Amino acid sequence: MSGPVQPAPLQHSADFTPRYWLFAAPAVLVVTAVIVFPWLFTLYMSGHDWKIGGGPEFVGLQNFAELFRDTRFLESMGHTLYFTVLAVVLPIVFGTAAALVFHREFPFRGLLRTIFVMPMMATPVAVALVWTMMFHPQLGVLNYLLSLVGIGPQSWVYSPDTVIPTLILVEVWHWTPLVMLIVLGGLAGLPREPYESALIDGANDWHMFRHITLPLVWPFIMVAIVIRTIDALKAFDTIFVITQGGPGTASETLNIFLYLQAFQFYKIGYASAVVVIFFVIVIMLSLLLLYARQKSKWNA
Numbered sequence: 001m002s003g004p005v006q007p008a009p010l011q012h013s014a015d016f017t018p019r020y021w022l023f024a025a026p027a028v029l030v031v032t033a034v035i036v037f038p039w040l041f042t043l044y045m046s047g048h049d050w051k052i053g054g055g056p057e058f059v060g061l062q063n064f065a066e067l068f069r070d071t072r073f074l075e076s077m078g079h080t081l082y083f084t085v086l087a088v089v090l091p092i093v094f095g096t097a098a099a100l101v102f103h104r105e106f107p108f109r110g111l112l113r114t115i116f117v118m119p120m121m122a123t124p125v126a127v128a129l130v131w132t133m134m135f136h137p138q139l140g141v142l143n144y145l146l147s148l149v150g151i152g153p154q155s156w157v158y159s160p161d162t163v164i165p166t167l168i169l170v171e172v173w174h175w176t177p178l179v180m181l182i183v184l185g186g187l188a189g190l191p192r193e194p195y196e197s198a199l200i201d202g203a204n205d206w207h208m209f210r211h212i213t214l215p216l217v218w219p220f221i222m223v224a225i226v227i228r229t230i231d232a233l234k235a236f237d238t239i240f241v242i243t244q245g246g247p248g249t250a251s252e253t254l255n256i257f258l259y260l261q262a263f264q265f266y267k268i269g270y271a272s273a274v275v276v277i278f279f280v281i282v283i284m285l286s287l288l289l290l291y292a293r294q295k296s297k298w299n300a
């Protein structure tokens, strides 16, 4: 008696060859045209002295050497660091606090939470225009409100000493809701058992926040830190609409400096060198933050 019939091995047709790359080809072409080529061209132009109206002249690393001798460029790096630190730390603190508040049950919580996130829905240019009117020394509503409580008028964005903190005020108002939503999502998934055990042990609200809530939501806070840091580093529209980098150069960040070099002074090669340095800074900082994000996820 013959054994069970074995199925014949699958035969591929002679002309069959995998062509999966055809499906990825359109995406590869788009990425090459939109991202890869512009970056390669920017890197190429960073080694040339090229102004509008003339041809490019190869200068090697001269543009980079001049940048680090340019006090205005170095000042813009300091302004960028100052702006980024404040634009990350303050929304993280206030957004986390708001998430803790809205995580609790209280009357009209849904309505108040909706109102709280409304600033995030506005476009940065519209936000900047509204705040510009509010900052006006004579006609602005902020100085009027301060006068009601006996405080004199403030210079806001019209003083070099207060311009960046004032811009941070706009950033905090605009992006704190985003941090709140991210942290609130983390709070919604926390288990109840650690809190019940802590209550039995006599822990108060601060101890539960410090030793239970904060460690558990820290990965979500790190996500918010990564998003806010990248967003603050590339901030341009709000600053440009409100101050154009002024007064003087007091609020001139790297993005404003880059814009002026390229489109006001028409120094294309010099501006390309700024782009290369800015890109390196962003990549290094992003890798550092992503590493911290992975460590926080592992510890959680």
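Just so you know, we're using my numbering here: the sequence shown kicks off at 1 and counts up by one.
Even for Gly, the Cβ is constructed at its ideal location relative to N, Cα and C.
Note that the coordinates shown come from a computational prediction; the quantities given were computed from them, not determined experimentally.
query: Based on Cα-Cα distance, which residue from Glu252, Ala98 and Lys234 lies nearest to Ile242?; result: Glu252
query: What first and last residue would you give for the alpha helix (DSSP H) that runs through Asp237?; result: Asp237 to Ile242
query: So for Asp161, helix, strand or coil by DSSP?; result: coil
query: In this structure, what does DSSP give as the bridge partners for Phe58?; result: His48
query: Please report the Cβ distance between Thr80 and Val183, rounded to the nearest whole angstrom; I am assuming they are in contact, meaning their Cβ atoms lie under 8 Å.; result: Thr80 to Val183, Cβ: 26 Å. No contact.
query: Rounded to whole angstroms, what's the CA-CA distance from Met284 to Phe108? Just pull it up for me.; result: 44 Å
query: Just the Cα atoms here: how many angstroms apart are Phe265 and Tyr144?; result: 39 Å
query: With a CB to CB cut of under 6 Å and the five nearest residues on each side skipped, what residues in its chain are close to Pro124?; result: Asp237 and Thr238
query: Lys234 to Leu287, Cα distance in whole Å?; result: 16 Å
query: Where do the N-terminal and C-terminal ends of the alpha helix (DSSP H) with His207 fall, by residue?; result: Asp205 to Met208
query: Counting only runs of 4+ residues fully inside the region 173-206, write out the alpha helix (DSSP H) ranges in chain order.; result: 193-200
query: What residue range does the alpha helix (DSSP H) around Phe220 cover?; result: Leu214 to Leu233
query: Cα separation between Ala87 and Ile168?; result: 6 Å
query: So, does the region 114-128 touch the region 205-219, judging by three or more C-beta pairs under 8 Å?; result: no
query: To which residues of the same chain is Met180 closer than 6 Å at the C-beta, ignoring the five residues directly before and after it?; result: Gly95, Ala98 and Ala99
query: First and last residue of the alpha helix (DSSP H) that includes Ser147?; result: Val141 to Leu148
query: Work out the CA separation of Met45 and Pro38 for me, nearest whole Å.; result: 10 Å
query: List the DSSP bridge partners of Lys267.; result: Lys51
query: With DSSP run on the structure shown, which of helix, strand or coil describes Ile281?; result: helix
query: Could you say which of Leu178, Leu142, Leu214 and Gln294 lies nearest to Pro153 if we only look at CA atoms?; result: Leu142
query: For the pair the region 187-207 and the region 273-281, tell me if three or more CB-CB distances fall below 8 Å.; result: no
query: Tell me the rounded alpha-carbon separation between Phe257 and Phe73.; result: 7 Å
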